[in-house]
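Notes to accompany the following structure.
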Amino acid sequence: MKSLDLNALSWFCEMVEAGNMTLAAKQLGVSAPTLSRNLVQLEERVGQKLLHRSAKRFQLTTAGERYYNALSAGFSHLQEQISLLSDDGETLRGSIRVSCPESMAIDYLHGWVVEFLKLHPEVDINLKFAINDQQFIDEQLDLSLVVLPPTQPGLVQKKIFDTEMWVAASPEYLASHGAPTVPQDLPKFDLLTSDPAKGWGFITPNGRYELTPTPRYVISSIRGVVDAAVNGLGIVYGPRFYLQAPVDDKRLVRLLTDFKTELRHVYMVYADKRLMPTRVRAFKAYVEERLMKFSML
């Protein structure tokens, strides 16, 4: 394969994130024909088609998705670090308004906020609980971590990581109630969830199966749901990064491991990064660096 132009690869990532040629060209400060030629040349160099293009939108090919997933986080991190270097002499000060799901805030983001505030004593942070971006404008937020796809127009969304969903229950519960052997068995058991409207998806030999749970216990906190499962109240369907520790120390047992489950996603949402205050840009980079480990889960 011919040597690749890093600028062309960066433009490709910007195009995917913008969603259409016109917006991407505007954000990059080039013409749409220039951007289109850049993409054609890049596809020639890699020897594969990266995007299916129409007048209104893009659709990634399999090869394009592979390139984007491999490159986007690296380019974003590099841009953040270059911005921070240019601001190196500036003392960070002022307020940052952030939202995040409660469980993620308590188990992860809270600790990172404490670390950041210790490093930057003239910064203050207001952290709110939210699972989506509906309050971003009304609450005048600077940054949101959300587990539902962003919907607010005019905001930048960046998928931070995917996580596999696991099914698990405590040894005590399984000893008393037995274990499901196929996903279709689950309605016979006590189910625990943080969102009863969210389906439990599986890939079976007969195709996709999705269960809309009728739960015994609902609590709007995945952390609370996992605790209920550990205490023997039923079966949980939750993100691997919340179930890994109790499975490892045998407080929970994984179930239905022969069936592939869906991936859930975490997104970072923010306004135009070119107008982002230095303090917000620094906090964003700080959080992204710590979230990178979850991309391996």
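Residue numbering for the sequence shown follows the numbering used here, starting at 4 and increasing by one per position. Glycine included, every Cβ here is placed at the ideal spot set by N, Cα and C. Source: prediction; values computed, not measured.
Check, Outcome
"When burial is assigned at 16 or more other CB atoms within 10 Å of the CB, is A178 buried or exposed?", "exposed"
"What are the start and end residues of each continuous beta strand (DSSP E) run of 3 or more residues lying completely inside the stretch 43-77, in chain order?", "54-56 and 61-63"
"Buried or exposed: which applies to D252, given that a residue is buried once 16 or more other Cβ atoms fall within 10 Å of its Cβ?", "exposed"
"Which of helix, strand or coil does DSSP assign to A182?", "coil"
"According to DSSP, is L300 part of a helix, a strand, or is it coil?", "Low confidence applies here, because L300 scores a pLDDT of 47, under 50, leaving its location unreliable; read the following figure in that light. It is coil, neither helix nor strand."
"From V64 to V33, what distance separates their C-alpha atoms?", "The question names Val, but residue 64 is Thr in the sequence shown. Between T64 and V33, the C-alpha separation is close to 24 Å."
"From V117 to L130, what does the alpha carbon distance come to, in whole angstroms?", "11 Å"
"What first and last residue would you give for the alpha helix (DSSP H) that runs through G114?", "H113 to L122"
"According to DSSP, is D136 helix, strand or coil?", "coil"
"With contact counted as at least three CB pairs below 8 Å, one residue from each stretch, are the stretch 213-221 and the stretch 154-161 in contact?", "no"
"Hey, how far is the Cα of A285 from the Cα of A274?", "15 Å"
"Report the three-state DSSP secondary structure of G204 (helix, strand or coil).", "strand"
"Answer yes if the stretch 165-179 comes into contact with the stretch 242-257, meaning at least three C-beta pairs across the two stretches below 8 Å, and no otherwise.", "yes"
"Nearest to Q187 by alpha carbon, out of I206, K201 and S197?", "I206"
"Answer with buried or exposed for K191, where buried requires no fewer than 16 other C-beta atoms within 10 angstroms of its C-beta.", "exposed"
"Report the partner residues of T166 according to the DSSP bridge assignment.", "R267"
"Could you give the distance in angstroms between the alpha-carbon of A21 and the alpha-carbon of S75?", "13 Å"
"Where do the ends of the beta strand (DSSP E) carrying R211 lie?", "G210 to L214"
"For N234, which residues of its own chain have a beta-carbon under 6 Å away from its beta-carbon, when the five flanking residues on both sides are left out?", "none"
"Using three-state DSSP, classify S173 as helix, strand or coil.", "coil"
"If you draw a straight line from the C-alpha of V228 to the C-alpha of A171, how long is it?", "11 Å"
"Does the distance from the CB of R100 to the CB of V126 come in under 8 Å?", "no"
"Looking at C-alpha atoms only, which residue of R254, L45 and G204 is the closest neighbour of S173?", "R254"
"Who are the near neighbours of E162 in its chain, counting only those whose CB is closer than 7 Å to its CB and skipping five residues on each side?", "Just to set this straight, residue 162 is Lys in the shown sequence, not Glu. Counting only Cβ-Cβ distances below 7 Å, and skipping sequence neighbours, we find H268 and Y270."
"Report yes if the C-beta distance between L195 and P218 is below 8 Å; otherwise report no.", "yes"
"Taking only three categories from DSSP, how would you classify S13?", "helix"
"State the start and end residues of the unbroken beta strand (DSSP E) segment that holds P242.", "I238 to P242"
"Count the other CB atoms, across all protein chains shown, that sit within 10 Å of the CB of I225; report buried if there are 16 or more and exposed otherwise.", "buried"
"Starting from the C-beta of I128, find all residues in its chain whose C-beta is less than 7 Å away, skip the five residues before and the five after it, and write them out in chain order.", "I99, V101, V116 and L120"
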